[in-house]
Amino acid sequence: MTRALRLGVNIDHVATLRNARGGGHPDPFTIAKACAAAGADGVTIHLREDRRHIRDADAEVICRWAAKPVNFEMAATEEMAAIATRLKPHGACIVPERRAEVTTEGGLNVVQQRAKLQPVIRRLQDAGIVVSLFIDPEPEQVRAAAEIGAQVVELHTGAYAHGKPGELERLRAAAALTAEAGLECHAGHGLTFANVQPVAALPQVVELNIGHFLIGEALLMGLPAAIAEMKRLMAEAAG
Ligand code: PXP
19 MTRALRLGVN
29 IDHVATLRNA
39 RGGGHPDPFT
49 IAKACAAAGA
59 DGVTIHLRED
69 RRHIRDADAE
79 VICRWAAKPV
89 NFEMAATEEM
99 AAIATRLKPH
109 GACIVPERRA
119 EVTTEGGLNV
129 VQQRAKLQPV
139 IRRLQDAGIV
149 VSLFIDPEPE
159 QVRAAAEIGA
169 QVVELHTGAY
179 AHGKPGELER
189 LRAAAALTAE
199 AGLECHAGHG
209 LTFANVQPVA
219 ALPQVVELNI
229 GHFLIGEALL
239 MGLPAAIAEM
249 KRLMAEAAG
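Under the numbering used here, think of the first position of the sequence shown as 19, with each following residue one higher.
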């Protein structure tokens, strides 16, 4: 049987482009609907503390959209927990956030931050939100995520995407451990047509979240075609 593997499209960079001119075009919500029409299984948005791309009004309209699951990436702060529990996206993915970083550079240190993360996880879950933690593919981080009650982990594929030796093996081992720990396994960061298949082939992975490459490739081949090709590659690897 073919394993169902979902694609979440991260549309933060649509907002980056919109913000470059200060107007309303391109509109992230319009693109979210286009992603869904093209076969995306959900969309991901990251409301950053500095609002450098997605803004509150985007989050509001996209999270209230009922057509597809919305994955709300957020830092584990009081401000973001309050926004998430009000907007009630399908899922929240807690990520580390540093103001100066260009993108999310590493995974959460769940082992060290248990006490800070646990109440945020509980609060989000009490609002009916499925909680994911974005972690590096390290066994102790997977175990800690399960111990503090997360339902999902998203494995950071950035080092793999940069070609670091041994990273696929680390992802494979971490993904296997998620199943033992009772966690759902997602993966993402830096994935492209060229590198997605070995990750998509990991049997425990049920969702990939992909942004920068797809939005960039959309300039060349169009968004529907880029999403369709990514879905085709994922299904081929998962099958
Ligand atoms: N998953 C998480 C948790 C992320 O922070 C990001 C980047 O915003 C992605 C996936 C998507 O990464 P990329 O834009 O490199 O595809």
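Note that CB positions come from ideal geometry on N, CA and C, so glycine has one too.
| query | result |
| --- | --- |
| Starting from T196 and walking both ways along the alpha helix (DSSP H), at which residues does that stretch end? | E185 to E198 |
| What do you get for E187, buried or exposed, if any count of 16 or more other CB atoms within 10 angstroms of its CB means buried? | exposed |
| V214 and L251 - do their beta-carbons sit closer together than 9 Å? | yes |
| Tell me, to the nearest whole angstrom, how far the beta carbon of A218 is from that of A256; I am working on the premise that it is less than 8 Å. | 5 Å |
| Which ranges does the beta strand (DSSP E) cover as unbroken runs of at least 3 residues, wholly within the segment 67-143, from first to last along the chain? | 88-92 and 109-112 |
| Which first and last residues belong to the alpha helix (DSSP H) in which E156 is found? | First-last for E156: undefined, no H or E at that position. |
| Evaluate D68 with the Cβ neighbour count: other Cβ atoms within 10 Å of its Cβ, from every protein chain shown; 16 or more gives buried, anything less gives exposed. | exposed |
| Of the choices E96, A253, V88 and A205, whose alpha-carbon is the least far from that of D30? | V88 |
| Specify, as a first and last residue, the run of the beta strand (DSSP E) that R24 falls within. | R24 to N28 |
| Alpha carbons only, please: which of K182, G57 and G184 is nearest the one belonging to A253? | G57 |
| Starting from the C-beta of A193, find all residues in its chain whose C-beta is less than 8 Å away, skip the five residues before and the five after it, and write them out in chain order. | P155, L173, C203, A205, L220, P221, Q222 and V223 |
| Can you name the residues that DSSP bridges to N227? | G26 and G206 |
| Using DSSP bridges, identify the partner residues of L173. | I153 and A205 |
| Skipping 5 residues on each side, what residues in its chain have a beta carbon closer than 7 Å to that of V79? | F47 |
| Return the bridge partner residues of I63 from the DSSP annotation. | F90 |
| For I80, is the beta carbon positioned less than 8 Å from some heavy atom of ligand 1? | no |
| Within the continuous alpha helix (DSSP H) that includes L241, where are the two ends? | L241 to A256 |
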